[in-house]
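Engineer: Got a structure for you, questions after.
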Amino acid sequence: MKKNPCLAFTLAVLMLVSACQTQEKQDTEQVELKPKVEKINVAPDFVVEHLYSPSENKKGSWVAMTFDDKGRMITSDQYGSLYRINVPEIGADTLTAEPERLTIPGDEWKDDTTQTKVGMGYAQGLLWAFNSLYVMVNHRGDEKFEKSSGLYRLKDTDNDDQFDEIKLLKSFDGEGEHGPHSIILAPDGQSIYLVLGNHTDVPEMDSYLLPANWDEDNIFQLITDPRGHANDRMAPGGWIAHTDSLGQHWQLVAAGLRNTFDIAFNDDGELFAYDSDMEWDFGMPWYRPTRLLHVAKGADFGWRTGNSKWPTYYPDELPSLLNIGQGSPTNLVYTGNARFPDKYRNSLLAFDWSFGIVYAVQLEADGATYRAKAEEFLSGTPLPLTDGEIGPDGALYFLTGGRRLESDLYRVSYKDQDKVKEKPQRENDLTEEIVLRRRIEGYFEKGPDTNIVAEVWPYLNHDDRHIRYAATIALRHQPIKLWGKRVFRERNIRTVTNAMTAMARSGYPQLQSIMLRKLMTIDINRISKDNKLGLLRAFEVILYRMGNPEPDLTNRMAAYFSDAYPTTDNALNREFSKLLIQIGAPYAVERTLSLLDSAKDDSTTMMATLTSSSDLILRNPQYGMDIAGMLAKTPPMQQIYLATALSKADTGWTPESYEHYFKWFYDAFGYKGGNSYIGFIDAARKLALKNVPEDQFDHYNTISGDSLLAASGKDLLENIVPPKGPGKAWKVDEAQKAVEGDKGKRNYEQGKSLFAAVRCASCHMMGGEGGAIGPDLTQLGTRFSVHDMLEAIIEPNKVISDQYESKVLVLKDGSSVLGRLISEEGDVYSVSQNPYAPQVLKEIPKSDVTEIRVAKVSTMPPGSLNVLNEEELKDLIAYLMAGGNENNPVYQDK
């Protein structure tokens, strides 16, 4: 029979259409079935599986995990209990059984909503080791969970697979988001390491690799955070400790961190940390981005409160290994045991909570430390990453959640992991410099010994910075009587300056005169930049620890520095300016002021980091363009530093120089920075105004921008169209259904107008515009789902970040004052009570206060969405999810 070509063609077309429809249906079903996986991008040839959602199953928001000796995962809810999970085999992307809540004898376990007591939980660090579960509790202690912050050890003493013994190994004075964090096993498997944030006091230790005579050691004009964050947190900042399995001997390993959540060892047995930034400082000269650190023994990384953070070129601290940029680091894991290709099996995986990115960081030995380069390994939006571990099967398991956000458990495996060969036994191929540094570090805990001094002395001038640092720490561990005279006989410049900086911390102020005279024998005009920085640092620590010298020696110092300042180098000008202003050099103001207008920032400033690179900006427009926009408005950091230094100067001014100086502030208020930018600038302005003649105060106050500050925020509310309504009492589920059920194009202009109309802009910034009392919302959509966002707005009291919490001050007369505690200077507490006018402070005598406690009420008013109708609600949430970016996909036709 002859075939009909038209019929054949028609049948072929129908079959093709049918096949396409079938495939389309399958693809659609796959997207609908796995939306939590589809949103994740991962490196080629890796597979992501979603295993479980704790929040959807009313088991909290998980932030910590470990694996026990039976291969089971143990996790912790940030605000609740511990759970044990049998993870499925790779390829089975769901759990076969519900996670088991770990019970403790004597406690009744029910749903969290019953508010029954928790026997053990609230952990931000978990570790299975020595046939025990170590739990790092981060909690104040309350009726639901009585245990306070500390390291606990849980054991099963009767072999019934349930923990029946809880022992507190060490309590810690600190809690919250900057409290106790992670625990890891030492490389030798015989002890453990812990990391704690900068709101956790260092308890008494049995030994100190970093000598305990730390201080702020910065003569720069001190300005604490204008919004009150960490204003009472002095040196040494966040810290790392080492202890044995029983918690009997405690050793301080390193400090000067801000708020490191996690640490990890590589195959060489070297320790690394992923430290956080202070995003409110963005645009300021003391801003330090999130950064990867190589934690050598005895390290100080220079975190200090407010604007006193040490610059990374100080010789008495260790620098960052890699600057990442803005973000919120939460986890660091070494992939040595992963069944990954070699490239990823010798990497550090660094988790960022804010932007939902896991960076793969490759390390290459470089002298006594490493070089590092990073690339994006995994990302998603929103993907608030909390913790991760390499499982017994060689896959990466990770959690999302925190702050009661939607929480999920995922697994990442290499698709051909069966073909991955066993990792070969690592040979001892350490660099000569690492071996030398370790040998010097071995002297830190030795007793007084002249032989040690003789051994380490030549290394004070070693070409490798990490070796010089180790030698200096070793010297600080030795009594000054064993090496003091040797300093004054020494002729090598770098040796002298490093030894003098160590000597300044020794507590012998009677040596100040001879120390300064020795330093001034160095010809400052004929030495390298690095040696100048080391020399200036030695002068600074001497002045900070011992005060200004007698007038004749002060005058001699001013003459000594006269021909060396100003320079063409920004770092040197910073150090010279604050030093010369400190001693009142007669030329300090005039020369520093001459730099103020012309100073340009270095191209290698903090902006030259991974997250601000054009490559990352283009690859992720959701938040990349937001970062790009803010960077385009970044203030002139070198000028800000010099202007702040000048605010301390009380001599050397003329009416003309004051006029020039205070007009600079007026212009400075026009730049955009982090939430504390305006406050820092205004604080420096007010400090400077204290030094002007009383009859000229009003004039300089006016020309420096006082009127601008008085009017700030008013323009945000002008020409704003109020909501049309009618409103309703929105509930979270109802609002979520309305928003997620919409398939139409949203109105950008109305969303932007509503952002101001419901007063979001009074407290929050969006794309560099708005108020600063609350968190910046520009990257909200990168870590919050629609549900999380609506819950945070409709139920603001449910979870309150430490950075935005209010305090209740109970007074003697029984009354109380509620507000944000901004400062505790002198005899009064200063409290900000109005979120729409945060600069208005109420002063309360300390003698009238009997108690200060954390408030359970958010400063964000509830019901702010209740004035909106359904369409207005959709437009506002779309604007928030888009980060105020009109080009975001949310504004494209759906």
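Counting from 9, one number per residue, gives the positions in the sequence shown under the numbering used here. C-beta atoms are modelled at their ideal positions from N, C-alpha and C, and glycine is treated no differently.
(1) Mapping DSSP to helix, strand and coil, what is LEU563?
(2) Kindly identify the DSSP beta-bridge partner or partners of TRP70.
(3) Taking C-beta to C-beta, are MET286 and ARG296 nearer than 9 angstroms?
(4) Beta-carbon within less than 8 angstroms of PRO400's beta-carbon, same chain only, minus the 5 sequence neighbours each way: which residues are those?
(5) Could you check if ALA890 is buried or exposed, using at least 16 other CB atoms within 10 Å of its CB as the buried criterion?
(6) Across which residues does DSSP place VAL825 in a beta bridge pair?
(7) Excluding five sequence neighbours on each side, which residues of the same chain lie with their C-beta closer than 6 angstroms to the C-beta of VAL862?
(8) Report the CB separation of GLY68 from GLN86 in whole angstroms; it is logged as a contact under 8 angstroms.
(9) Helix, strand or coil: how does DSSP classify ASN331 here?
(10) Roughly how far, in whole angstroms, is the beta-carbon of SER84 from the beta-carbon of LEU134, given that I think they are within contact range, below 8 angstroms?
(11) Can you check which of these residues, SER521, HIS58 and ASN874, is closest to ASP42 by C-alpha distance?
(12) Looking only at C-alpha atoms, which of VAL839, LEU817 and LEU849 sits nearest to VAL857?
(13) If I measure Cβ to Cβ from ASN896 and keep anything under 6 angstroms in the same chain, skipping five residues before and after, which residues do I get?
(14) For THR659 versus GLY592, is the C-beta distance shorter than 9 angstroms?
(15) For ARG235, name the three-state secondary structure that DSSP assigns.
(16) Helix, strand or coil for GLU57 per DSSP?
(17) Do GLU325 and TYR477 count as a contact pair if the criterion is CB distance below 9 angstroms?
(18) Determine the extent of the beta strand (DSSP E) in which ILE852 is found, giving its start and end residues.
(19) Going by CA-CA distance only, name the one from MET292, LEU265, LYS175 and TRP294 that's closest to ALA919.
(20) Sort out for me which residues DSSP pairs THR102 with in a bridge.
(21) Output the boundary residues of the alpha helix (DSSP H) element that contains PHE584.
(22) For GLN811 versus HIS237, is the C-beta distance shorter than 9 angstroms?
(23) Let me know if HIS207 comes out buried or exposed under the rule of 16 or more other beta-carbons within 10 Å of its beta-carbon.
(24) To which residues does DSSP link ASN755 through a beta bridge?
(25) Report the partner residues of THR251 according to the DSSP bridge assignment.
(26) Tell me the residue span of the alpha helix (DSSP H) that contains ALA482.
(27) Can you list, in chain order, the residues of its chain with a C-beta nearer than 8 angstroms to that of GLN744? Leave out the 5 residues immediately preceding and following it.
(28) Assuming TRP136 is part of the beta strand (DSSP E), what are its boundary residues?
(29) Considering only the alpha carbon of each residue, which of ARG499, PHE290 and ILE808 lies closest to TYR3?
(30) Helix, strand or coil for LYS381? Go by DSSP, reduced to three states.
(31) Going along the chain, which residues of its own chain have a beta-carbon closer than 6 angstroms to the beta-carbon of LEU371, five neighbours each way excluded?
(32) Take MET645 and list the residues in its own chain whose beta-carbon comes closer than 6 angstroms to its own, dropping the five residues that flank it on each side.
(33) Does the stretch 506 to 518 come close enough to the stretch 538 to 550 to have 3 or more Cβ pairs within less than 8 angstroms?
(34) Measuring only the C-alpha atoms, how far is ILE271 from THR338?
(35) Is it a yes or a no for the stretch 672 to 683 touching the stretch 213 to 232, going by three-plus beta-carbon pairs under 8 angstroms?
(36) Could you give the distance in angstroms between the alpha-carbon of LEU697 and the alpha-carbon of ASP714?
Structural biologist: Quick answer:
(1) This sequence places Asn at residue 563; Leu is not what is there. DSSP places ASN563 within a helical segment (H, G or I) once states are collapsed to three.
(2) For TRP70, which the question treats as bridged, DSSP gives the partners ASP85.
(3) Yes.
(4) Same-chain partners within the cutoff: PHE75 and GLY79.
(5) It is buried - the Cβ of ALA890 has at least 16 other Cβ atoms within 10 Å.
(6) Bridge partners of VAL825: LEU817.
(7) Contacts found: GLU813.
(8) Sure, about 7 angstroms apart at Cβ, within 8 angstroms.
(9) DSSP, reduced to helix, strand and coil, places ASN331 within a strand of the structure shown.
(10) Indeed, because the Cβ distance is near 6 angstroms, the residues count as touching under 8 angstroms.
(11) In the sequence on display, residue 42 carries Lys and not Asp. Comparing Cα positions, the closest option is HIS58.
(12) Comparing alpha-carbon positions, the option among VAL839, LEU817 and LEU849 lying closest to VAL857 turns out to be LEU817.
(13) Within its own chain, the residues whose Cβ lies closer than 6 angstroms to the Cβ of ASN896, once the five positions on either side in sequence are excluded, are ALA890, listed in chain order.
(14) In this structure, the beta-carbon distance from THR659 to GLY592 falls below 9 angstroms.
(15) In the structure shown, ARG235 sits in coil (DSSP, three-state: anything other than H, G, I, E or B).
(16) In the displayed model, GLU57 falls within a strand according to three-state DSSP.
(17) By the CB criterion at 9 angstroms, TYR477 and GLU325 fall inside the cutoff.
(18) Residues 849 to 853.
(19) Here the chain has residues from 9 to 902 only, and residue 919 is not among them.
(20) In the DSSP output, where bridge partners are listed per residue, THR102 has none listed.
(21) Residues 578 to 591.
(22) Closer than 9 angstroms, so yes.
(23) Buried is the call here.
(24) Its beta-bridge partners do not exist; DSSP assigns none.
(25) Per DSSP, ILE200 and TRP258.
(26) Residues 473 to 484.
(27) Closer than 8 angstroms at Cβ, skipping near neighbours: VAL794, HIS795 and LEU798.
(28) Going by DSSP, TRP136 is part of the beta strand (DSSP E) stretching over 131 to 137.
(29) Past the edges of the chain, shown from 9 to 902, lies residue 3, and the structure says nothing about it.
(30) Here LYS381 sits in strand by DSSP.
(31) Contacts found: TYR378 and ALA380.
(32) These residues qualify, in order along the chain: PRO293 and ASP609.
(33) Counting Cβ pairs under 8 angstroms, three or more are found: they touch.
(34) Between the alpha carbons of ILE271 and THR338 lies a distance of about 10 angstroms.
(35) No, the stretch 672 to 683 does not touch the stretch 213 to 232.
(36) Going by C-alpha positions, LEU697 is about 11 angstroms away from ASP714.
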